[in-house]
Structures are given as structure tokens and as C-alpha cells.
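Asker: I'd like to ask you about the structure that follows.
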Amino acid sequence: MSAYPALLAAGFRRYSTYRAATAAGALANSVFGAVKAAVLVGTVGSAGGAVAGYDPAQAATFAWVTQALLAPVAVFADDEVARRVRTGDIAVDLARPVDPQLAAWAGDLGRAAFTLLPRGLPPLLLGALTTGLSLPGGPAPYVLGLLCTAVAVSVSFAARWLVNLTAFWLTEIRGVLVLYTVLATVLTGLAVPVAWFPPWLGSLAAATPFPSMLQTPIDVLLARATGGEALRLLGVQLGWLAGLLLVGRVLLRAGARRLVVQGG
Numbered sequence: 001m002s003a004y005p006a007l008l009a010a011g012f013r014r015y016s017t018y019r020a021a022t023a024a025g026a027l028a029n030s031v032f033g034a035v036k037a038a039v040l041v042g043t044v045g046s047a048g049g050a051v052a053g054y055d056p057a058q059a060a061t062f063a064w065v066t067q068a069l070l071a072p073v074a075v076f077a078d079d080e081v082a083r084r085v086r087t088g089d090i091a092v093d094l095a096r097p098v099d100p101q102l103a104a105w106a107g108d109l110g111r112a113a114f115t116l117l118p119r120g121l122p123p124l125l126l127g128a129l130t131t132g133l134s135l136p137g138g139p140a141p142y143v144l145g146l147l148c149t150a151v152a153v154s155v156s157f158a159a160r161w162l163v164n165l166t167a168f169w170l171t172e173i174r175g176v177l178v179l180y181t182v183l184a185t186v187l188t189g190l191a192v193p194v195a196w197f198p199p200w201l202g203s204l205a206a207a208t209p210f211p212s213m214l215q216t217p218i219d220v221l222l223a224r225a226t227g228g229e230a231l232r233l234l235g236v237q238l239g240w241l242a243g244l245l246l247v248g249r250v251l252l253r254a255g256a257r258r259l260v261v262q263g264g
């Protein structure tokens, strides 16, 4: 079991070496946060001062917090595992004395742990200096919110793992990545709060794991969901996590059985 904490630490160290990229990412998150805050506040203002329970201050805070969590949660998928499938390097992963899924999960948790402050803090600081932040006063939302954020990172990993495993059958997954990016942008609540969705889109989002990646931790952190409702949302997150990890394990075994090394 000691291998997995070491892999988590390795994931942290790996991403800590890319300091210029981290700074550029923090700047981009902050700039887009300012744009998003302006758009959401303008929308609330044009709607009479409130939309689905969000006043201008809460809408601006939502914009800044989404940008703060965007990198740690890794809303958008990459193709790192898919590339290893295409090159045949996945065979090396399968031969190692560690579970490939758990090893990748540990590394991703290390990535998230590193990015939380350097990528998450700048948008929040800019938000505090410009629009202000509407934050809860007590500690409970932050404690449970951090737990929900950790689960959100894991749900996102499990979903991205599934996307990458399609390479066993498709080899080239760019189309899948584009589709996933579009769905994640909308259904996680990254663009606008899920509460703003029309009923049919809200029902569609609720039937997917995407809100558990971003909307849920934000709702808990900002005390929009408290007490039993917050615990219910955490339970939904854990349910999606268990289901996605199970499907990922099944697909990995199925893919390994039909593994064909492409190009040596």
C-alpha cells in the first residue's frame, strides 16, 4: 500500500516543476474569472436583481470560486492514458506490480493537491479586491466543502479515466475529448450555475456525474447547501465515484484483453 502515497507525492512534485505554466494558468483563470463575474452580475442585474436565489454578490462569488476550482478538479480531460494505449506503453503499466487505475488516481490527487493554492488562490484574491466575495461566516461549510472538493477531484478523475480508456477501441479519441469538453463546460456548472438551467437541462445534468465535479463543492463551500442537503449531495458524489470507478475497472480489464500494440 506504500506505493500509492509515494505516487501521490510524485504527482505533486511533477506538477510543481512547471512553475511558468502554473503562473500562466493562474493568470488565465483570474482573467476569465473577471469576465465571467461581469457577465453573471450583468445577467442578474438585467433579471431584476436575483436569479434562482443568486444576487449580484453571490453570482460574482460563484464566478470566482468556479475559476479557483477549475484546475484542481481538472474539469477538462486530457489524453495522457490514451496516448499510452496508442503507443503500446500501456502494456508497461499493466505489467507493473501496482493497480493502474489506483496508481493514476493517486497521481491525480497529487496534481490536485499542488494546484489547489497556486491556481486557486489568485482568482479568489482578485475577486476579493474587485467585486468582493460573499462567503459564509462559520467553519462548517469550509470543512465539508473541502471534503466535497476532494471527492469532486476523484469523480473527475474517474470520468476522465473512462474517456481515455475508449482508446482501447477507438485508438484516436479527439472526438470523444471534444464531446466531453462541451458537456463538462455546460453540465458541471462551469459556465453558469446549474440552478439557472431550464428544467429539462437541469434534469439532464442531474442524471450525470458532472454537477458532482464542480456545482456540488461550490454549493457546499458557499453554504447554498447545508445540513442534510449538503450530506445528500456528498452521498450523490460518493455514489457517482463508486459507479465510475467500477465501470473504469471493468473497461480496463476488457481493454487489456484486446490490447494491440500500435506501431511497436
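Count the sequence shown with the UniProt record's numbering and you get residues 1 to 264, in order. Using N, Cα and C, we set each Cβ at its ideal position, and we do this for glycine too. Model, not experiment: these values are computed from the prediction.
#1: So, helix, strand or coil for V51, using DSSP?
#2: Out of curiosity, what's the CA-to-CA distance linking A59 and P217?
#3: Determine the DSSP secondary structure at S30, reduced to helix, strand or coil.
#4: P199 lies in the alpha helix (DSSP H); which residues open and close that run?
#5: Do L177 and V163 count as a contact pair if the criterion is CB distance below 9 Å?
#6: Counting only runs that start and end within the region 68 to 115, where is the beta strand (DSSP E) found for 3 or more residues in a row?
#7: Can you grab the Cα-Cα spacing for the pair A167 / R84, in whole Å?
#8: With distance defined between alpha-carbon atoms, name the residue in T66, L170, A242 nearest to A26.
#9: Mind checking which residues open and close the alpha helix (DSSP H) that includes S16?
#10: What does the alpha-carbon distance come out to for the pair Q101 and P5?
#11: How would you label R232, buried or exposed, when you count the other beta carbons within 10 angstroms and need 16 or more for buried?
#12: Does the beta-carbon distance from A254 to W161 come in below 9 Å?
#13: Whole angstroms are fine: how far does the CA of R86 sit from the CA of L109?
#14: Taking 7 Å as the limit between beta carbons, can you name the residues of its chain near A63, skipping five residues before and five after?
#15: Straight-line CA distance for L241 to G127?
#16: Among V236, T115, D93, which has the Cα closest to the Cα of R13?
#17: Pairs of beta-carbons, one from the region 46 to 54 and one from the region 71 to 78, closer than 8 Å: are there three or more?
#18: Following the continuous alpha helix (DSSP H) through S156, name the residue where it begins and the one where it ends.
#19: Going by beta-carbon coordinates alone, are L179 and L252 separated by less than 9 Å?
#20: Residue 272 and A112 look like a contact to me (Cβ under 8 Å); what is the Cβ gap, rounded to whole Å?
#21: Does the Cβ of D89 have 16 or more other Cβ atoms within 10 Å, making it buried, or fewer, making it exposed?
#22: Determine the extent of the alpha helix (DSSP H) in which I218 is found, giving its start and end residues.
#23: Hey, could you find the ends of the alpha helix (DSSP H) V186 is sitting in?
#24: Is it the case that the Cβ atoms of L259 and A24 are separated by a distance below 9 Å?
#25: Which whole-angstrom value describes the C-beta separation of P122 and S30, a residue pair presumed to lie in contact below a C-beta threshold of 8 Å?
#26: Tell me the DSSP secondary structure of T61 in three-state form.
Answerer: Here's the rundown:
#1: strand
#2: Looking at the two C-alpha atoms, the distance is approximately 15 Å.
#3: helix
#4: 199 to 206
#5: yes
#6: none
#7: When only Cα atoms are considered, A167 and R84 end up about 9 Å apart.
#8: T66
#9: 3 to 16
#10: 14 Å
#11: By the neighbour-count criterion, in which 16 or more other beta carbons inside 10 Å mark a residue as buried, R232 falls on the exposed side.
#12: Against a cut-off of 9 Å, the Cβ pair of W161 and A254 comes out as no contact.
#13: 25 Å
#14: G33, K36, A37, L40
#15: 31 Å
#16: Closest option to R13, judged by alpha-carbon separation, among V236, T115, D93: T115.
#17: With a cut-off of 8 Å, the region 71 to 78 and the region 46 to 54 do not count as touching, because too few Cβ pairs lie within range.
#18: First-last of the alpha helix (DSSP H) with S156: 140 to 165.
#19: no
#20: What is shown of the chain runs 1 to 264, which leaves residue 272 out entirely.
#21: exposed
#22: Here the alpha helix (DSSP H) through I218 covers 215 to 221.
#23: Under the DSSP assignment, V186 falls in the alpha helix (DSSP H) whose first and last residues are 174 to 187.
#24: no
#25: 5 Å
#26: helix
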